[in-house]
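Worksheet: the structure to be examined is printed underneath.
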């Protein structure tokens with residue numbers, strides 16, 4: 001059972017209160033008219049699916065109903081932290097670059 | 099064949115106090131180079147190697163397994179076999195597999211304990227029943243056996259089930275595939291391993307692939323924990339770990355790996371002689387030949403590679419089973435485990451060539467790969483041998499996620515994924 005901190009409610013609650021909402025920060029093609037089907041297919045369907053740390057969206061369905069981002073390890077299920085989408089994005093981008 | 103299994107061989111070895119049996123398969127040291135390497139020694143990978151050797155005459159083949167044979171999803175599923183899929187492409191692929199199951203014990207000279215005890219998919223709402231009618235009709239048009247049952251007909255087949263109108267989600271009917279059933283999962287891995295080994299395939303356990311050797315746009319081999327091994331062609335059949343392998347070749351796949359749980363009870367006297375599945379209350383149950391109830395249900399919603407699942411899924415599954423079979427509420431559960439399933443966006447497999455020449459993937463079977471084991475291996479062997487898909491898996495290439503020609507079995511298939 002995961003125990004997840006909601007950055008809006010500022011409380012650690014059990015997994016059953018939350019809904020998983022997929023990989024976080026998938027970038028939509030910047031020039032939608034110009035890219036081909038393969039790029040769109042990649043955006044819509046293809047996923048990182050890492051064995052390791054994963055940035056993912058969760059929704060506090062039985063609470064504030066807001067969507068936020070969690071960094072979780074997909075093998076140990078350890079949670080490094082949870083942030084609002086905006087706060088998490090800066091951290092995510094700095095990790096991606098390094 | 100060193101060990102042809104028969105009544106005669108049983109008597110012969112029995113007279114020698116059963117001390118003269120040979121190992122079912124060899125454990126050779128890896129060669130430097132093979133014609134084909136199969137990554138993943140589960141049922142699908144072993145079946146691929148077997149059909150490569152038997153149907154395509156390619157015997158210079160190695161199957162690389164990071165753990166032990168059939169230690170992954172092959173031995174972690176609930177062994178249900180059926181082919182009652184809605185869409186033509188899927189129904190034909192799974193029906194191909196079912197036809198191979200029907201002769202598999204004879205083909206392999208190994209009893210896989212395939213038991214065609216029928217698979218029942220329950221409907222609990224009017225919409226369920228409309229979907230069931232539609233799917234049963236589609237099945238019949240594809241040559242797949244299907245009948246639609248009323249609650250009283252269900253009671254005749256499964257007297258223990260509560261089909262009264264008093265339950266929270268009353269059973270309104272079911273589809274039934276009499277040719278469906280179960281098989282012994284370990285025996286499937288062992289049977290394919292033994293038959294492939296007999297044809298000259300090298301089965302190499304404790305050998306994990308750690309990288310791909312790619313020269314330009316062509317595969318040259320794989321890096322492993324036992325050194326580099328060269329090959330003209332590499333086929334990856336690694337279920338939940340497929341994305342990790344694809345990443346080594348710089349390929350992105352439309353897969354997400356989730357834990358899927360199952361559990362078995364203590365042994366009971368025979369009480370359930372078919373397979374019962376329900377979409378709406380979401381659980382499935384059958385009774386093994388040892389007498390255990392084998393129970394499974396849905397995946398954890400989130401990504402996970404830890405071979406365990408969330409406790410609340412067990413609770414929901416048990417609730418669903420007890421809703422259908424109130425008498426099972428006193429049965430004690432013995433064991434519980436999880437396997438990692440690679441779920442594709444349309445709940446259909448991906449059996450495909452890639453942009454790296456000579457590199458093939460067979461993945462995305464999600465929650466329902468066991469039933470397809472022989473068919474999957476058969477068409478994947480054809481794809482690798484001919485460098486072109488078999489008629490039955492042409493629609494299951496990776497291209498469909500760019501073209502949009504998905505085969506939407508999510509919800510359309512007989513169980514929710």
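Protein chains in written order, with my numbering: chain A, 1 to 98; chain B, 99 to 515. The beta-carbon is built from N, C-alpha and C at its ideal position, and this holds for glycine as well. Since we're looking at a predicted model, the values are computed, not measured.
- At a cut-off of 7 Å between beta-carbon atoms, residue 13(A) makes no contact with chain B.
- Contacts between residue 184(B) and chain A, judged by CB atoms closer than 8 Å, are missing: the closest CB pair is about 21 Å apart.
- Looking from the CA of residue 41(A), the closest CA among 505(B), 306(B), 506(B) and 500(B) belongs to 500(B).
- By the Cβ-count criterion, residue 32(A) is exposed, with fewer than 16 other Cβ atoms from all chains shown falling within 10 Å of its own Cβ.
- If the five residues before and after residue 437(B) are omitted, its C-beta is found closer than 6 Å to the C-beta atoms of 171, 174 and 358, all from its own chain and listed in chain order.
- Around residue 60(A), no beta-carbon contact reaches into chain B at under 8 Å, the shortest distance being about 14 Å.
- Around residue 154(B), the same chain offers 479 and 483 as residues with beta carbons nearer than 7 Å, after the five sequence neighbours per side are excluded.
- If you look at residue 106(B), you'll find it in the alpha helix (DSSP H) that goes 105-113.
- Going by C-alpha positions, residue 113(B) is about 18 Å away from residue 121(B).
- Within 10 angstroms of the beta-carbon of residue 72(A) lie 16 or more other beta-carbons, which makes it buried.
- Annotated three-state conformation of residue 349(B) is coil, per DSSP.
- In terms of beta-carbon proximity, residue 144(B) stays away from the interface with chain A, with every pair separated by 7 Å or more.
- The stretch 235-254 of chain B makes no contact with the stretch 300-313 of chain B; the number of CB pairs closer than 8 Å stays below 3.
- Annotation: Cβ neighbours of residue 76(A) in chain B (cutoff 8 Å, chain order): 404.
- Between the alpha carbons of residue 87(A) and residue 398(B) lies a gap of roughly 27 Å.
- In the structure shown, the three-state DSSP call for residue 372(B) is coil.
- Distance from the Cα of residue 334(B) is smallest, within the candidate group 199(B), 110(B), 470(B) and 140(B), for 140(B).
- When the Cα atoms are used, residue 327(B) and residue 136(B) turn out to be separated by approximately 12 Å.
- With distances taken between CA atoms, residue 406(B) lies nearest to 356(B) out of 356(B), 493(B) and 293(B).
- Assignment of beta-bridge partners to residue 357(B) by DSSP yields 438(B).
- Residue 460(B) carries a strand assignment under DSSP once its states are collapsed to helix, strand and coil.
- In this structure, residue 217(B) sits away from residue 249(B), with a CB-CB distance that is not shorter than 7 Å.
- Three or more beta-carbon pairs separated by less than 8 Å are not found between the stretch 332-352 of chain B and the stretch 375-382 of chain B, which leaves the two stretches without contact.
- Residue burial annotation: residue 235(B) is exposed, with fewer than 16 other C-beta atoms found within 10 angstroms of its C-beta.
- Distance from the CA of residue 111(B) to the CA of residue 103(B), rounded to the nearest whole angstrom, comes to 10 Å.
- Note on geometry: alpha-carbon atoms of residue 251(B) and residue 465(B) lie some 29 Å from one another.
- The residue from 126(B), 282(B) and 196(B) with its alpha-carbon nearest to that of residue 160(B) is 126(B).
- Just so you know, the alpha carbons of residue 227(B) and residue 273(B) end up roughly 9 Å apart.
- Not a single CB atom of chain B sits nearer than 7 Å to the CB of residue 65(A).
- In this structure, the straight-line span from the alpha carbon of residue 291(B) to that of residue 299(B) is close to 9 Å.
- In terms of beta-carbon proximity, residue 38(A) lines the interface with chain B, with at least one pair separated by less than 7 Å.
- Per DSSP, residue 402(B) is not a residue of any alpha helix (DSSP H), being assigned neither H nor E.
- Residue pairing by DSSP puts residue 134(B) in a beta bridge opposite 159(B) and 331(B).
- The stretch 452-472 of chain B makes contact with the stretch 331-345 of chain B, as at least three CB pairs between them are under 8 Å.
- Short of 6 Å from the beta carbon of residue 213(B), and not among the five residues preceding or following it, lie these beta carbons of its own chain, in chain order: 279 and 280.
- The Cβ atoms of residue 191(B) and residue 391(B) do not sit closer than 7 Å to each other.
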